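Enquirer:
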Amino acid sequence: MTNPRTIIEIRDGKKVFGSFTALTDINLSIRQGEILTLLGPSGCGKTTLMRLIAGFETLTSGAISIDGSDCAGTPPERRPVNMVFQRYALFPHLDVFENVAFGLKVKGMPKAEVKERVSRMLQIVQLDNFANRYIDEISGGQSQRVALARALVNGPKVLLLDEPLAALDLKIRQHMLAEMKRIHTETGATFVYVTHDQDEAMILSDRVVLMEKGRIVQIDRPEDMYARPKSLFAAKFLGETNLFDATVSAVNGIGTTAVTPAGIRFIGAETADRQPSERITVSIRPESLSFQDGEAATQSAEGTVEDVVFIGSRSFYTVRLDDQSPVRIQVQRNGRLALPSIGDRTRVYWDSANVVMLPHS
Amino acid sequence: MLLRIIVWAILAFLLVPLLIIILFSFHASPALSFPFAGFSLRWYEELFGNAQLASAVIKSLTIALLTALVTLLLGATASLAWLRFGRAGRGMIEALTVTPIALPGLFVGVSLLVLFAQSGTQLSTATIVIAHVVIAIPILIVAMKARLALFDPSLEEAARDLGASQMQTFARVTLPLIAPTLIASAILAFAVSFDEFVVTSFVAGTETTLPMYIWSMMRRTVTPLVNAISTLALFFSIAILVASWLIGQARRRSAIAGRLEQLEPLP
Ligand SMILES: Nc1ncnc2c1ncn2[C@@H]1O[C@H](COP(=O)(O)OP(=O)(O)OP(=O)(O)O)[C@@H](O)[C@H]1O
Ligand SMILES: [Mg+2]
């Protein structure tokens, strides 16, 4: 992505329902062609943000511009965005073809062109054999693809998808995720994708917008958000992690040192904004802990192995450190290395590059 | 066992008079008692030759049709308002429109009569239609409410999102989806109007509807003609019921079916 163009820009967005502030301090630039996911727990305002972009709600204050022009007062039918609703909202009185053709027909496109475009779109979503079925005659996964086709056939600049896979079971969901990526590549549209499933967000997105209680807490590439969460909330929301309360004991050019009440020392590579004697929370992912003192793994703590779970090629260990805090460790099984068993005393190592220091909650 | 006997007794109590009326409408003699003196269509012949009766039937049909049309228009408007309004608005519509169901016909009749008299309105077919609409609207709203509650408002949003104006959304999505409900409700209004008697008798003036004609006929003597009329009315009602049932079958892809279908895949 070289010099990506901004397609949607939200400045100081705020939305209040009655006395309830659903969204506040929303600043977001959506880039042309990207898949951006809005991720966050239920009720954090994802759907509301999407409905604001689609034009079903109006901002209490702030501004949204689509493709460079402010869209306050523009009704939904005149915005170059289309939405895939969480429950699809397909028209039950129309068949698959007519559902997909709906947008083109209301715009007054000639019949022949409608037919051609709809047929091509049905091919893309692989539903060309279902054109004459009614909505109550197709499966959940097919409904989802009809919804996708019905939106995409209009050639929207931005496609808004509100938890499009939530109603599907796990297997179809994984299949549809791959479909979604393929269709994204094929159409080149910008996707704004709402989910509260972190795996979907990780698999699909170019960037993730993490939301909490009506605010955006972090915008990052998925791998960066996972590796470098900026808050305890982000660290806990994405993936699994081990957390330690600690106090900063030293800040110098190399990094920050923090010590837990029981005396475990963490040295983090970052130096930003930390003050000595500040209380922080240290986060280390299970896969960043190991039983081997590698070249870089310079820090360690002792404990007793409490539990082991094998999942295919990986093993999850629970080790109770000497300060009584349990830590989860994920190791890749490898014949050459001896791994401890339940009850063994062992030493757990980690590397300062993987120590994430977060503001104390 | 006892229960079964009771059920049969109740059914007999309800059905035997009907069967007797039907039977005697084909009676060859004017006597309304057994022994049965053989079958004949003479009462039906007499009915069809009766000009007064024919005009009463036509009057009732006209009134019922007009009532159904006006109720349909008002009902469609009310149901759109219903779809737009929130909980509070719906409560208000309901309070305003449904209350007349609970009012005695006598009260509705007298108050309409007073209203027409005060405003100097001539009693005519029009006043009867107005009265019937007043009676039918609440029934229509009650019948529609349950179905409209299942209408998925996101269908309208989807239409707008796809580029349809408000008018296009109404014509292409909302109306087709609520049409079966509206038509079934209009048929109900027709049926209510066709045999309304109490309120009609207050506001009819010099007009004579079918129920009023039958009533006046019976006031003189109970003739077997009444049996024939009642039998015809019965089959007419059954036909209307069947018609609205058939429309109910066609409702398959309407608002309700769609909603149920969409709710299904959710856990
Ligand atoms: N029209 C409304 N009136 C009042 N409150 C509303 C309205 N719409 C949304 N809210 C409130 O705003 C908050 C955010 O709602 P929203 O639907 O955006 O959440 P969400 O992040 O999409 O959640 P979910 O993951 O459950 O779909 C919720 O607390 C909700 O109750
Ligand atoms: Mg939502």
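Those sequence lines, one after another, are chains A and B.
The opening residue of the first sequence carries number 256 in this note's numbering; numbering runs sequentially from there.
The opening residue of the second sequence carries number 7 in this note's numbering; numbering runs sequentially from there.
For every residue, glycine included, the Cβ atom is placed at its ideal position computed from N, Cα and C.
Bear in mind the structure is a predicted one, so any value in this text is a computation, not a measurement.
1. Does DSSP put A:S504 in a helix, in a strand, or in coil?
2. Ligand 1 and B:S236: does the residue's C-beta get closer than 7 angstroms to at least one heavy atom of that ligand?
3. So, A:P335 versus A:K426, is the Cβ gap smaller than 8 angstroms?
4. Write down every uninterrupted run of the beta strand (DSSP E) in the stretch 390 to 459 of chain A whose length is 3 residues or greater and which is fully enclosed by it, in chain order.
5. Is there a Cβ from chain A that is less than 8 angstroms from the Cβ of B:G264?
6. Mark B:E213 as exposed unless 16 or more other C-beta atoms lie within 10 angstroms of its C-beta, in which case mark it buried.
7. Could you tell me whether the Cβ of A:A444 comes closer than 8 angstroms to any Cβ of chain E?
8. Have a look at B:G81, B:V13, B:P186, B:Q58 and flag the residue whose alpha-carbon is nearest the alpha-carbon of B:W251.
9. Please state whether the Cβ-Cβ distance between A:F546 and A:T601 is less than 8 angstroms.
10. If we cut at 8 angstroms on Cβ distances, does B:A170 have a partner in chain A?
11. Below 8 angstroms between beta carbons: does that hold for B:E69 and B:S199?
12. In chain order, what residues of the same chain have a beta carbon less than 8 angstroms from the beta carbon of B:V148, not counting five sequence neighbours either side?
13. Give the C-beta separation of B:F32 and B:L47 to the nearest angstrom, bearing in mind that I take them to be a contact with Cβ-Cβ under 8 angstroms.
14. When every heavy atom of ligand 2 is checked, does at least one fall within less than 7 angstroms of the C-beta of A:K301?
15. Tell me the DSSP secondary structure of A:P516 in three-state form.
16. For the stretch 137 to 164 of chain B, list every residue whose C-beta sits within 8 angstroms of some C-beta in chain A, in sequence order.
17. What residue from B:L75, B:A74, B:I99 has the CA that sits closest to B:L86's CA?
18. How many angstroms separate the CA atom of A:M338 from the CA atom of B:A142?
19. For A:D578 and A:L594, I'd like the C-alpha separation in whole angstroms.
20. Pop quiz: A:G523 and A:M466 are said to be a contact at Cβ under 8 angstroms. What is the actual Cβ separation, rounded to whole angstroms?
21. Kindly provide the ranges of any alpha helix (DSSP H) runs that are 4 or more residues long and lie completely inside the stretch 463 to 491 of chain A, ordered along the chain.
22. Starting from the C-beta of A:F357, find all residues in its chain whose C-beta is less than 8 angstroms away, skip the five residues before and the five after it, and write them out in chain order.
23. Mind checking if A:P419 is an interface residue toward chain B, Cβ cutoff 8 angstroms exclusive?
24. In terms of DSSP beta bridges, what is B:H33 paired with?
25. Using a Cβ cut-off of 7 angstroms, which residues of the stretch 335 to 357 of chain A contact any Cβ in chain B, in chain order?
26. Here's a check: name, in chain order, each residue in its chain whose Cβ is nearer than 8 angstroms to the Cβ of A:T201, leaving out the five neighbours to either side.
27. Residues in the stretch 359 to 374 of chain A with C-beta within 9 angstroms of chain B's C-beta atoms, listed in sequence order?
28. Need the endpoints of the beta strand (DSSP E) that A:G317 sits in, please.
29. Rounded to whole angstroms, what is the Cα-Cα separation between B:Q58 and B:L181?
30. What three-state label does DSSP hand A:T292 in the structure shown?
31. Roughly how many angstroms separate the alpha carbons of B:T77 and B:M150, rounded to a whole number?
32. Just curious, the beta strand (DSSP E) that A:D562 is in, first and last residue?
33. Leaving out five residues before and five after A:L278 in sequence, what residues of the same chain have Cβ atoms less than 7 angstroms from its Cβ?
34. If the criterion is Cβ atoms closer than 8 angstroms, does the pair A:E289 and A:D461 meet it?
35. With 16 as the cutoff for other CB atoms within 10 Å, does A:H199 come out buried or exposed?
36. May I ask you to check if the CB of A:E418 is nearer than 7 angstroms to at least one heavy atom of ligand 2?
Expert: Put simply:
1. Position 249 of the first sequence, counted from the start, is the residue given in the question as residue 504 of chain A. A:S504 falls in the strand class under three-state DSSP.
2. As a working mapping, residue 236 of chain B is identified with position 230 in the second sequence. No, the beta carbon of B:S236 sits no closer than 7 angstroms to any heavy atom of ligand 1.
3. Position 80 of the first sequence holds residue 335 of chain A. Position 171 of the first sequence holds residue 426 of chain A. Contact: no.
4. 413 to 417, 445 to 450
5. Counting from 1 along the second sequence, the entry for residue 264 of chain B is found at position 258. With a pLDDT of 44 at B:G264, under the threshold of 50, the modelled position of that residue is not reliable, and the figure given next carries that caveat. By this cut-off, B:G264 is an interface position.
6. Walking along the second sequence from the start, residue 213 of chain B turns up at place 207. So B:E213 counts as buried.
7. Judged by its chain identifiers, the structure shown contains no chain E, and its protein chains are A and B.
8. Taking the first residue of the second sequence as 1, we reach residue 251 of chain B at position 245. Checking every option, the nearest Cα to that of B:W251 belongs to B:P186.
9. Here residue 546 of chain A refers to the residue found at position 291 when the first sequence is read from its first residue. Here residue 601 of chain A refers to the residue found at position 346 when the first sequence is read from its first residue. Going by C-beta atoms, A:F546 is nearer than 8 angstroms to A:T601.
10. Translated into the one-based positions of the second sequence, residue 170 of chain B becomes position 164. Answer yes: the Cβ-Cβ gap between B:A170 and chain A drops below 8 angstroms somewhere.
11. Reading the second sequence from its first residue, position 63 is the one you call residue 69 of chain B. Reading the second sequence from its first residue, position 193 is the one you call residue 199 of chain B. Reading off the sequence shown, one finds Ile at residue 69 of chain B, where the question assumed Glu. Cβ distance < 8 angstroms, so B:I69 and B:S199 count as in contact.
12. Here residue 148 of chain B corresponds to residue number 142 of the second sequence, with the count starting at 1. Contacts found: V104, I107.
13. For the purposes of this step, residue 32 of chain B is identified with residue 26 of the second sequence, where counting begins at 1. For the purposes of this step, residue 47 of chain B is identified with residue 41 of the second sequence, where counting begins at 1. About 7 angstroms separates the two Cβ atoms, so the contact holds.
14. In the first sequence, counting from the first residue as 1, residue 301 of chain A sits at position 46. True, at least one ligand heavy atom lies under 7 angstroms from that Cβ.
15. If you number the first sequence from 1, residue 516 of chain A lands on position 261. A:P516 falls in the coil class under three-state DSSP.
16. D158, S160, L161, E163, A164
17. Looking up residue 86 of chain B in the second sequence gives position 80. Checking every option, the nearest Cα to that of B:L86 belongs to B:I99.
18. Residue mapping note: residue 338 of chain A aligns to position 83 of the first sequence, counting from 1. Residue mapping note: residue 142 of chain B aligns to position 136 of the second sequence, counting from 1. So the two alpha carbons sit approximately 41 angstroms from each other.
19. Here residue 578 of chain A refers to the residue found at position 323 when the first sequence is read from its first residue. Here residue 594 of chain A refers to the residue found at position 339 when the first sequence is read from its first residue. When rounded, the distance between both Cα atoms is 22 angstroms.
20. Translated into positions along the first sequence, residue 523 of chain A becomes position 268. Translated into positions along the first sequence, residue 466 of chain A becomes position 211. Incorrect: roughly 26 angstroms between the Cβ atoms, too far for contact.
21. 477 to 482
22. Position 102 of the first sequence, counted from the first residue, corresponds to residue 357 of chain A. Correct list, in chain order: F346, L349, R405.
23. Position 164 of the first sequence, counting from 1, holds the residue named residue 419 of chain A. No, A:P419 lies away from the interface with chain B (no Cβ there is under 8 angstroms from its Cβ).
24. Residue numbering aside, residue 33 of chain B sits at position 27 when the second sequence is read from its first letter. The partner list for B:H33 (beta bridge, DSSP) reads B:F45.
25. N337, M338, F340, R342, Y343, A344, F346, P347, H348, F357
26. With chain A running from 256 to 616 in the structure shown, residue 201 of chain A is simply not present.
27. L359, K360, V361, K362
28. Translated into the one-based positions of the first sequence, residue 317 of chain A becomes position 62. Per DSSP, A:G317 belongs to the beta strand (DSSP E) from 316 to 321.
29. In the second sequence, counting from the first residue as 1, residue 58 of chain B sits at position 52. In the second sequence, counting from the first residue as 1, residue 181 of chain B sits at position 175. One C-alpha to the other measures close to 41 angstroms.
30. Locating residue 292 of chain A in the first sequence gives position 37, counting from the first residue. The answer is strand: DSSP assigns A:T292 an E or B state.
31. Your numbering for residue 77 of chain B matches position 71 in the second sequence. Your numbering for residue 150 of chain B matches position 144 in the second sequence. Those two C-alpha atoms are separated by around 12 angstroms.
32. Taking the first residue of the first sequence as position 1, residue 562 of chain A is located at position 307. 554 to 566 is the span of the beta strand (DSSP E), which, as asked, contains A:D562.
33. Taking the first residue of the first sequence as 1, we reach residue 278 of chain A at position 23. The answer, listed in chain order, is G268, K269, K270, G300, T303, L304, G469.
34. If you number the first sequence from 1, residue 289 of chain A lands on position 34. If you number the first sequence from 1, residue 461 of chain A lands on position 206. In contact: A:E289 and A:D461 (Cβ atoms closer than 8 angstroms).
35. Because chain A here runs from 256 to 616, residue 199 of chain A falls outside it and cannot be looked at.
36. Start at 1 with the first residue of the first sequence, and residue 418 of chain A comes out as number 163. Because some heavy atom of ligand 2 lies under 7 angstroms away, the Cβ of A:E418 counts as near it: yes.
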